[in-house]
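As structure tokens, the structure follows; a few thoughts come after it.
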Amino acid sequence: MSEIFTTDVLTALLAGGILAGVPLLFAALGEMVAERAGVLNIGLEGYMLMGAYVGFVTAYHTNTFLGFLGGAAAGAAVSLIMVVLCIRLGLDQIVVGIAITLAAEGATALIFDSQFAESRPTLGATERIDIPGLSQIPVVGGGDTSDGSVFSQPPIVYIGLAIVVGTAWTMRRTHWGLNIRAAGDKPSALDAAGVSVLGTRTWATLFCGAMAGMGGAYLSITAAGLFEDFITQGRGFIAIVLAMLARGKGAWVLIGAFVFGISLSISDALQIAGVDISTDLVFMLPFVTVIAVLVVFGRRSYLPAALALPYVRGAR
Amino acid sequence: MSSDATAPATAAQAPPGPAETAPPAAIGRMAEIVVRSLVPVLLALVAGGLVLLALGANPIQFYADVWSGGMDFGAWQDTVMRMAPLALIACGLIYVFKAGIWNLGIDGQFLLAGGVIAGLAPELYGNMPDALMFLILFIVAGVVASVWTIVPALLRAHYGVNEIITSLMTSFIGINLANILIKGPFQDTASNVPQTEAIPFTNLLPTIPGTRIHVGVIVAAVLAIATWYAMSRTSFGLRLAILGANARAAAHVGISVPRLILVAFMTSGAFIGLAAAAEIMGIWGYVRADWNPAFGLLVVPLVFLARFNALATIPFVAALALMTIGGDLATQNAGVSNEFTLLLVGLVLLFMGVTELLGRRRSLGQSYLQGIKRRKG
Chain A
39 MSEIFTTDVL TALLAGGILA GVPLLFAALG EMVAERAGVL NIGLEGYMLM
89 GAYVGFVTAY HTNTFLGFLG GAAAGAAVSL IMVVLCIRLG LDQIVVGIAI
139 TLAAEGATAL IFDSQFAESR PTLGATERID IPGLSQIPVV GGGDTSDGSV
189 FSQPPIVYIG LAIVVGTAWT MRRTHWGLNI RAAGDKPSAL DAAGVSVLGT
239 RTWATLFCGA MAGMGGAYLS ITAAGLFEDF ITQGRGFIAI VLAMLARGKG
289 AWVLIGAFVF GISLSISDAL QIAGVDISTD LVFMLPFVTV IAVLVVFGRR
339 SYLPAALALP YVRGAR
Chain B
313 MSSDATAPAT AAQAPPGPAE TAPPAAIGRM AEIVVRSLVP VLLALVAGGL
363 VLLALGANPI QFYADVWSGG MDFGAWQDTV MRMAPLALIA CGLIYVFKAG
413 IWNLGIDGQF LLAGGVIAGL APELYGNMPD ALMFLILFIV AGVVASVWTI
463 VPALLRAHYG VNEIITSLMT SFIGINLANI LIKGPFQDTA SNVPQTEAIP
513 FTNLLPTIPG TRIHVGVIVA AVLAIATWYA MSRTSFGLRL AILGANARAA
563 AHVGISVPRL ILVAFMTSGA FIGLAAAAEI MGIWGYVRAD WNPAFGLLVV
613 PLVFLARFNA LATIPFVAAL ALMTIGGDLA TQNAGVSNEF TLLLVGLVLL
663 FMGVTELLGR RRSLGQSYLQ GIKRRKG
């Protein structure tokens with residue numbers, strides 16, 4: 039065991055876990071907030087894809103920072119469809135969510151193909167910030183390795199961590215958080231208290247769209263350095279699962295995203311150690327574990343009572 | 313051209329209308345159904361045409377190419393064959409959707425069943441008559457996909473765990489497990505790429521005389537009729553409908569809700585497994601690792617457009633099959649990405665929503681988007 043987990047391998051494992059986990063972190067965090075507010079975004083994959091595309095194009099023409107902003111804006115713009123059709127007009131959230139995912143898959147592939155079919159441009163490596171001192175620690179430092187580690191990451195990763203902390207605090211300690219949770223658990227009570235249910239859900243969904251778009255932008259700008267059709271490869275759906283498993287706890291989103299990130303990248307890291315292990319197997323394990331836990335400790339799900347239900351004032 | 317592509321829908325949709333509702337005002341109801349089902353498709357074709365225009369392609373030419381690519385020079389046979397898996401998946405989804413349950417693990421069930429029978433086929437091939445082999449493979453495919461739905465079904469039935477999340481998770485597991493099997497025990501050692509050993513092309517499912525169309529299409533047609541019958545003429549269908557309308561009422565009238573959820577889930581899985589068997593044994597004869605036609609989400613909207621009526625799904629399935637087969641030629645000629653179909657299906661769904669809103673204003677008849685009622689708790 040100890041021969042396998044050398045410093046190089048552990049560093050690669052951490053770096054890979056972060057690289058693959060950050061898009062999940064952003065998307066799952068947004069989805070967690072939206073779900074708490076009672077909105078199930080099956081279109082998360084679509085938000086991420088649009089964020090990845092717009093983020094990539096913006097970063098290609100301007101700079102990385104604007105790229106991330108562009109990605110977030112694009113994700114929020116797509117989530118507006120959800121806001122209008124589902125929150126405002128009360129259509130089925132799952133049907134519209136599937137529509138958003140399919141349409142975004144088609145649209146990004148179409149537009150990208152018509153713009154860059156010949157050139158297939160790539161971006162350079164995103165610049166990292168070395169945290170003074172800490173980045174020199176072996177394994178977690180990563181200041182002198184090519185992929186970095188915990189203390190040598192692009193600014194967006196630290197911004198993401200800050201957003202996680204900020205969101206977790208907001209959800210637990212502020213009126214906003216209380217409103218969001220009420221919108222999902224007992225919307226009529228929130229309405230009676232004089233707070234707009236539709237408004238609360240709208241902001242939660244736009245936040246979700248922006249976060250997912252940012253996650254997608256990270257995927258294309260930092261993780262891949264390019265855009266390709268279906269670049270998200272179902273990560274949006276994994277993020278939905280993570281958000282549901284996190285039960286509204288920001289810390290669990292962080293842990294879940296990192297665990298899945300590691301499982302997505304562990305086979306690469308183990309190749310450094312000369313261990314050849316099937317990517318498919320490793321990728322399967324977290325899901326198998328979750329299912330096993332659900333079966334063994336089968337308990338009721340912890341979803342908000344009004345999840346995916348449109349709110350109609352006065353309806354029973 | 314666009315109207316040609318959807319014209320058969322009008323005719324083929326007529327029979328279920330009067331059968332479902334009382335005779336009075338049947339014509340009015342039928343008109344409602346046609347308007348509600350066709351308007352979204354037409355709007356999506358128009359909007360898709362505008363997108364094509366914006367990309368510098370000629371939409372009329374494009375849709376004409378879709379038609380000729382999917383119909384001319386014997387391509388109609390490919391279109392008909394593509395209908396088999398799509399129709400079987402659609403039928404499978406009807407059993408769960410009607411009961412108010414979401415089975416979104418379609419791709420995992422499809423690929424796992426496909427992978428297992430593709431690995432099993434070379435073992436059986438040559439050791440028994442082909443007919444027996446196909447029978448065994450179809451049964452195995454149905455059973456595998458059906459078993460794959462048990463965990464989400466039981467969790468939903470007994471603990472109320474949201475089946476969307478669990479069926480998605482088991483879908484991921486199924487896809488990866490299929491890949492593990494194909495790259496491992498089932499791999500064809502004579503091949504450089506990870507894939508299963510191929511059944512000779514000449515020994516795939518028998519074809520309908522005079523055509524290239526395999527008999528899986530007939531299986532699909534028979535099962536679609538059986539599904540329509542089961543849903544509209546049997547107590548099983550009624551129980552599913554009651555469960556879908558109101559789970560609490562279903563329990564009060566003595567329906568064993570957990571058992572019915574399990575049965576609905578497993579039936580839907582079995583149909584999806586048969587879809588995989590028809591596709592693998594009818595067209596391919598082998599499965600390559602990481603192959604994923606991703607039919608799942610494409611079929612979901614059709615089931616809604618057809619309002620959970622198995623016969624009414626057929627024109628929509630035909631249109632989707634035509635789009636996917638003819639789309640290759642059309643996108644190639646127009647110089648756009650061949651993912652245009654995805655955009656079109658997504659647009660159909662969105663316009664379904666818009667039509668729904670207009671319908672609520674102008675009373676175009678019963679809503680189909682509320683067909684799946686979300687349960688509390």
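In order, the protein sequences belong to chains A and B.
Reading the first sequence from the start, the letters are residues 39 to 354 in my numbering.
Reading the second sequence from the start, the letters are residues 313 to 689 in my numbering.
Glycine residues also receive a C-beta, built at the ideal position from the N, C-alpha and C atoms.
Three-pair Cβ contact test at 8 Å for the region 536 to 556 of chain B versus the region 567 to 580 of chain B = Cβ pair count under 8 Å is three or more, so yes.
Cβ shell of Arg158/A (< 8 Å), same chain only, five flanking positions each side left out = Non-local C-beta neighbours of Arg158/A in its own chain, meaning closer than 8 Å and more than five positions away in sequence, comprise Leu264, ordered along the chain.
Under the three-state DSSP convention, the category Ile492/B falls into = In this structure, DSSP gives Ile492/B a helical state, which the three-state scheme calls helix.
Whole-Å CB distance - Ala221/A paired with Leu662/B, under 8 Å assumed | The Cβ separation is near 24 Å, so there is no contact.
Kindly indicate if chain A contains any beta-carbon less than 7 Å away from that of Val612/B.
-> The beta-carbon of Val612/B is placed less than 7 Å from the nearest beta-carbon of chain A.
Could you pull out every unbroken alpha helix (DSSP H) segment of at least 4 residues lying fully inside the region 273 to 334 of chain A, listed in chain order?
-> With a minimum length of 4 residues, the unbroken runs of alpha helix (DSSP H) contained wholly in the region 273 to 334 of chain A fall at 273 to 284, 288 to 310, 317 to 334.
Do three or more CB pairs link the region 84 to 93 of chain A to the region 261 to 278 of chain A at distances below 8 Å?
-> Output reads yes: the region 261 to 278 of chain A touches the region 84 to 93 of chain A.
Does DSSP put Asp229/A in a helix, in a strand, or in coil?
-> Helix.
When you compare each of Ala369/B, Leu350/B, Tyr471/B to Ile329/A by their alpha carbons, which one comes out closest?
-> Comparing Cα-Cα distances from Ile329/A to each of Ala369/B, Leu350/B, Tyr471/B, the minimum goes to Tyr471/B.
If we ignore side chains and look at the alpha-carbon of each, how far apart do Leu347/A and Asp377/B end up?
-> CA-CA distance, Leu347/A to Asp377/B, rounds to 42 Å.
Identity of the residue in Val313/A, Ala66/A, Gly288/A nearest Val203/A by Cα = When the alpha-carbon of Val203/A is set against those of Val313/A, Ala66/A, Gly288/A, the nearest one is in Gly288/A.
Taking the Cβ atom as the reference point for each residue, do Gln389/B and Ile525/B lie within a distance shorter than 7 Å?
-> The answer is yes: Cβ separation under 7 Å.
Chain-ordered residues of the region 399 to 421 of chain B with a beta carbon less than 7 Å from chain A | Listed in sequence order: Trp414.
Below-7 Å beta-carbon distance, Ser649/B vs any chain A residue = It does: the Cβ of Ser649/B has a partner Cβ on chain A nearer than 7 Å.
Nearest residue (CA-CA) to Asp130/A, options Gln309/A, Ile80/A, Glu156/A = For Asp130/A, the closest of Gln309/A, Ile80/A, Glu156/A by C-alpha to C-alpha distance is Ile80/A.
Separation of Trp540/B from Ala334/B, as counted between CA atoms | Any reading at Ala334/B must be qualified, since the residue scores a pLDDT of 47, below 50, and its modelled position is unreliable; no value is offered.
Report yes if the C-beta distance between Gly59/A and Gly251/A is below 7 Å; otherwise report no.
-> Taking 7 Å as the Cβ cut-off, Gly59/A and Gly251/A do not qualify as a contacting pair.
Provide the residue span of the alpha helix (DSSP H) that contains Cys124/A, from first to last.
-> Segment: none, Cys124/A is in no alpha helix (DSSP H) and carries neither H nor E.
Could you tell me which residues DSSP puts in a beta bridge with Ser190/A?
-> Bridge partners of Ser190/A: Asp168/A.
7 Å Cβ cutoff met for Gly274/A and Gly113/A = For Gly274/A and Gly113/A, no; Cβs fall outside 7 Å.
Take Leu52/A as the anchor and find which of Tyr349/A, Leu216/A, Leu302/A, Val350/A has the nearest alpha-carbon.
-> Its Cα nearest to that of Leu52/A, the residue Leu302/A stands out among Tyr349/A, Leu216/A, Leu302/A, Val350/A.
Just mark Pro464/B as buried or exposed, buried being the case when its beta carbon has 16 or more other beta carbons within 10 Å.
-> Answer is buried; the Cβ neighbour count reaches 16.
Going by other Cβ atoms of all chains shown within 10 Å of its Cβ, with 16 needed for buried, is Asn439/B buried or exposed?
-> With fewer than 16 Cβ atoms within 10 Å of its Cβ, Asn439/B is classed as exposed.
Under 7 Å Cβ-Cβ, which residues of chain B neighbour Phe325/A?
-> Ordered by position in chain B, the residues that pass the 7 Å Cβ test against Phe325/A are Met481, Phe484, Ile485.
Return the residue from the list Phe620/B, Ala402/B, Ile626/B, Thr625/B that minimises the CA-CA distance to Leu586/B.
-> The shortest Cα separation from Leu586/B among Phe620/B, Ala402/B, Ile626/B, Thr625/B belongs to Ala402/B.
Counted within 10 angstroms of its Cβ, other Cβ atoms place Ser74/A as buried (16 or more) or exposed = Reading the sequence as shown, one finds Arg at residue 74/A and not Ser. Buried: at least 16 other Cβ atoms inside 10 Å.
Residue span of the alpha helix (DSSP H) that contains Gln131/A, given as start and end | Start and end: 131 to 154.
Starting from Asp419/B, follow the alpha helix (DSSP H) in both directions and report where the run begins and ends.
-> It spans 418 to 436 - the alpha helix (DSSP H) in which Asp419/B sits, taken as one unbroken run.
Taking the alpha carbon of Val599/B as the point to measure from, which residue in Gly549/B, Phe652/B, Phe583/B, Leu423/B has its own alpha carbon closest?
-> Taking the Cα of Val599/B as reference, the smallest distance to any Cα among Gly549/B, Phe652/B, Phe583/B, Leu423/B is reached at Leu423/B.
Assuming Asn217/A and Thr238/A make a contact with CB atoms under 8 Å, what is their CB distance in whole Å?
-> Contact between Asn217/A and Thr238/A holds: their C-beta atoms lie close to 5 Å from each other, under 8 Å.
Residues in the region 561 to 575 of chain B with C-beta within 9 Å of chain A's C-beta atoms, listed in sequence order?
-> Per Cβ criterion, the list is empty.
Interface positions of the region 205 to 228 of chain A facing chain B (Cβ-Cβ less than 8 Å), listed along the chain = Residues of the region 205 to 228 of chain A whose Cβ lies closer than 8 Å to any Cβ of chain B: none.
Going by Cα to Cα distance, which pick from Glu435/B, Ile476/B, Leu447/B is closest to Thr461/B?
-> Across the set Glu435/B, Ile476/B, Leu447/B, the C-alpha of Ile476/B shows the shortest separation from the C-alpha of Thr461/B.
Any C-beta of chain B sitting closer than 7 Å to the C-beta of Glu143/A?
-> Closer than 7 Å to the CB of Glu143/A there is at least one CB belonging to chain B.
Identity of the residues DSSP links to His470/B by a beta bridge = DSSP output for His470/B lists no bridge partner at all.
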